[in-house]
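**Student:**
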Amino acid sequence: MTKTRVIAALIMAPVAICAILFLPSQWLAAAAALVFLTGLWEWLRLTGIVGLPRTVLVVLNLLLMVLLVWASAGSMVLFQLAALVGVGFWLMALLWLRFFDFGAHEESSARMLKLAASTLAIIPAWASLVLIHAGPNGHLWLLTALTLVWAADSGAYFAGRTFGKHKLAPRISPNKTIEGLLGGLVAGLLTAGVFGWFAGVQLSQFGWLMLVSAVAVLASVLGDLFESLLKRHAGAKDSGHIIPGHGGVLDRIDGVLAALPVFALGKEIFGF
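The numbering of the sequence shown is the numbering used here, which starts it at 677 and goes up by one.
(1) Buried or exposed, going by whether 16 or more other CB atoms sit within 10 Å of the CB of L933?
(2) What's the gap between the Cα of H781 and the Cα of L738?
(3) Can you give the Cα-Cα distance for L743 and R837, rounded to whole angstroms?
(4) When we look at the beta-carbon of D900 and count the other beta-carbons within 10 Å, is it buried (16 or more) or exposed?
(5) How big is the Cα-Cα spacing for G779 and L740?
(6) With the cut-off set at 8 angstroms, would you say A706 and A759 are in Cβ contact?
(7) Which value, in whole angstroms, describes the spacing of the CA atoms of L866 and G727?
(8) Please identify the residue among W766, I854, G916, L722 whose C-alpha is closest to the C-alpha of R908.
(9) Hey, how far is the Cα of A833 from the Cα of F775?
(10) Once the 5 residues before and after S904 are set aside, which same chain residues still bring their CB inside 6 angstroms of it?
(11) Under the DSSP definition of a beta bridge, which residues are partnered with S849?
(12) Cutting at 8 angstroms between CB atoms, please list the residues of its own chain near R730, excluding the five before and the five after it.
(13) Alpha carbon to alpha carbon, how far is L736 from S880? Give it in angstroms, no decimals.
(14) State the start and end residues of the unbroken alpha helix (DSSP H) segment that holds G883.
(15) Assuming G931 and D829 are in contact, meaning their beta carbons sit under 8 angstroms apart, how far apart are those beta carbons, in whole angstroms?
(16) For M677, does the three-state DSSP call read helix, strand or coil?
(17) Exposed or buried, V691, counting other C-beta atoms within 10 Å across all chains shown (16 or more means buried)?
(18) Buried or exposed: which applies to I798, given that a residue is buried once 16 or more other Cβ atoms fall within 10 Å of its Cβ?
(19) M677 to D914, Cα distance in whole Å?
(20) Are the beta-carbon atoms belonging to F712 and A801 less than 8 angstroms from one another?
(21) Name the DSSP beta bridge partners of G923, please?
(22) For S785, which residues from the same chain have a beta carbon less than 7 angstroms from its beta carbon, with the 5 sequence-adjacent residues on both sides left out?
(23) According to DSSP, simplified to helix, strand and coil, what is N737?
(24) On the three-state DSSP scale, how would you describe M752?
(25) Report the CB separation of W817 from A875 in whole angstroms; it is logged as a contact under 8 angstroms.
(26) Roughly how many angstroms lie between the CA atoms of S896 and G860, to the nearest whole one?
(27) What separation, rounded to the nearest whole angstrom, lies between the Cα atoms of V877 and G814?
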């Protein structure tokens with residue numbers, strides 16, 4: 677399984693990096709929409725939505741993306757607002773994690789909240805990706821935002837395996853540790869510093885970049901934990917099986933969903 681994971685990663689990473697660096701923003705937006713909507717498809721399965729309703733909900737989210745592009749008319753204000761909505765949702769999701777049993781059963785009210793959560797996670801993350809990429813040096817800044825999440829995930833894994841003793845959220849994700857969180861934070865900040873330098877961050881803005889990156893790393897952990905909560909509720913090990921050795925698409929983008937709105941909004945506020 678480890679060999680399969682490595683091979684899949686060696687294929688996916690270069691494809692993603694080349695798309696970020698060389699595709700125009702409109703084409704990257706289309707490619708990202710395909711990836712994010714696939715994640716949404718898996719999210720809906722975890723909430724117990726299958727068959728025609730599942731397809732209808734994915735199409736409605738696609739139409740929402742199209743409407744967002746059409747209504748923007750060259751302005752990025754709507755994308756900025758979407759990023760703000762995303763940050764607000766993940767703050768509420770933090771409270772959701774505090775009450776593990778909330779939404780664990782199949783009553784209609786809980787299901788509706790999980791359905792709303794799917795759109796509030798997917799659409800703002802996609803809008804944030806477009807917002808970052810469409811800005812000055814956007815391809816490098818988007819690469820910075822994504823690589824800091826990937827580095828934090830890897831750093832957390834190795835730090836957790838080596839030093840992990842104190843559980844972070846044992847009921848939601850038993851393997852995550854506080855030591856892993858700190859290791860991921862260090863790895864993410866180091867990566868953000870290096871890639872931010874290539875993206876053109878000014879020395880006067882470097883502190884703001886580190887602050888935003890730290891919050892983005894913490895947000896990525898929140899996204900990971902929230903997806904773990906959905907899987908615990910559904911009794912599923914993975915969100916899907918589309919990626920050999922890695923599970924589903926949602927398993928790969930859960931941290932990104934929460935980190936992108938934070939990074940995009942922070943970048944807009946502090947201007948780096």
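Just so you know, even glycine gets a beta-carbon here, dropped at the ideal spot from N, CA and C. Quantities reported herein were computed from a predicted structural model and do not represent experimental measurements.
**Tutor:** Working from what's here:
(1) buried
(2) 28 angstroms
(3) 45 angstroms
(4) buried
(5) 25 angstroms
(6) no
(7) 44 angstroms
(8) L722
(9) One point to set straight first is that residue 833 is Tyr, not Ala, in the sequence displayed. Rounded to whole angstroms, Y833 to F775 spans 25 angstroms at the Cα level.
(10) I848, S849
(11) A845
(12) W717, L720, R721
(13) 43 angstroms
(14) 882-910
(15) 6 angstroms
(16) Confidence at M677 is low in this model, with a pLDDT of 45, below 50, so its placement is unreliable and no value can be given for it.
(17) exposed
(18) buried
(19) Note that M677 scores 45 on pLDDT, short of 50, meaning its location in the model is unreliable; the coordinates nonetheless yield the value given after this. So the two alpha carbons sit approximately 14 angstroms from each other.
(20) yes
(21) I919
(22) none
(23) helix
(24) coil
(25) 5 angstroms
(26) 10 angstroms
(27) 12 angstroms
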